[in-house]
Every structure is written in structure tokens, then in C-alpha cells.
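Worksheet: one structure, shown below.
Numbering (the working numbering), first residue to last: 879 to 979.
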């Protein structure tokens with residue numbers, strides 16, 4: 879079973895990066911989910927999908943995977959550029975697009 883080591887993306891509803899500091903190890907699905915015909919619920923016999931481990935650094939996550947013999951795929955986070963903005967820029971004279979309600 880293969881695991882995926884990645885750094886989660888920031889929440890789209892907030893600008894902060896507080897929840898994106900940890901690295902996460904998740905198992906990739908071995909079997910597809912099945913739709914139960916009577917009720918329409920989805921189920922799976924793959925219980926490793928429920929495991930989600932958090933690590934402070936990328937090296938800790940890789941060391942854990944190697945120590946336990948887990949094949950892993952490392953996904954580096956894309957470089958982000960923070961563009962600071964102020965509320966006053968909404969009303970700035972010479973703004974490229976018009977400000978309307």
C-alpha cells in the first residue's frame with residue numbers, strides 16, 4: 879500500500895496559513911468505494927483510508943514511512959507569494975477597475 883506525504887493547502891475561506899504548517903501522511907486507496915444498492919451509501923473494506931498522520935517536518939514523515947516499510951509518494955507544496963493588501967486600496971484613485979456594489 880502506498881502513502882502520500884504532502885503539506886495541506888490553506889483554507890480557501892481564510893488568508894492565514896496556520897493550518898498548513900504540518901506535513902500529512904495518508905494512504906492512497908487500494909480499492910474503489912462501492913455503492914450499496916438498497917440505501918445508496920458508499921462503503922469500502924479499505925480501512926487504511928481512515929488513517930491520517932501529522933508530522934512537524936517533511937523529514938519526520940519520510941523517516942516514519944521508511945521505518946515502517948511504507949512505500950510513499952512525496953508531493954512538494956507549490957511556492958506561494960503573499961500579496962499584502964489594505965482595505966484603503968479598494969477606494970484608491972486611479973484603480974484599474976471600477977469599484978461598484
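Idealized CB from N, CA, C, for every residue including glycine.
No experiment lies behind these values; they were computed from the predicted model shown.
Mind listing, in chain order, the continuous beta strand (DSSP E) runs of no fewer than 3 residues lying wholly within the region 884-971?
You should have 901-905, 930-933 and 949-953.
Cross-strand partners of residue 882 (DSSP beta bridge)
According to DSSP, which records beta bridges pairwise, residue 882 is partnered with 904 and 951.
If you check the beta carbons only, do residue 887 and residue 898 fall under 8 angstroms apart?
A Cβ-Cβ contact shorter than 8 angstroms links residue 887 with residue 898.
Is it buried or exposed for residue 883, if we count other Cβ within 10 angstroms and need 16 for buried?
Classification for residue 883: buried.
CA-CA distance, residue 921 and residue 913?
Taking the straight line joining both Cα atoms gives about 6 angstroms.
Please report the distance separating the alpha-carbon of residue 940 from that of residue 950.
Between residue 940 and residue 950, the C-alpha separation is close to 8 angstroms.
Comparing C-alpha positions only, which one of 907, 908, 892 and 954 sits nearest to residue 885?
Among 907, 908, 892 and 954, the Cα nearest to that of residue 885 belongs to 954.
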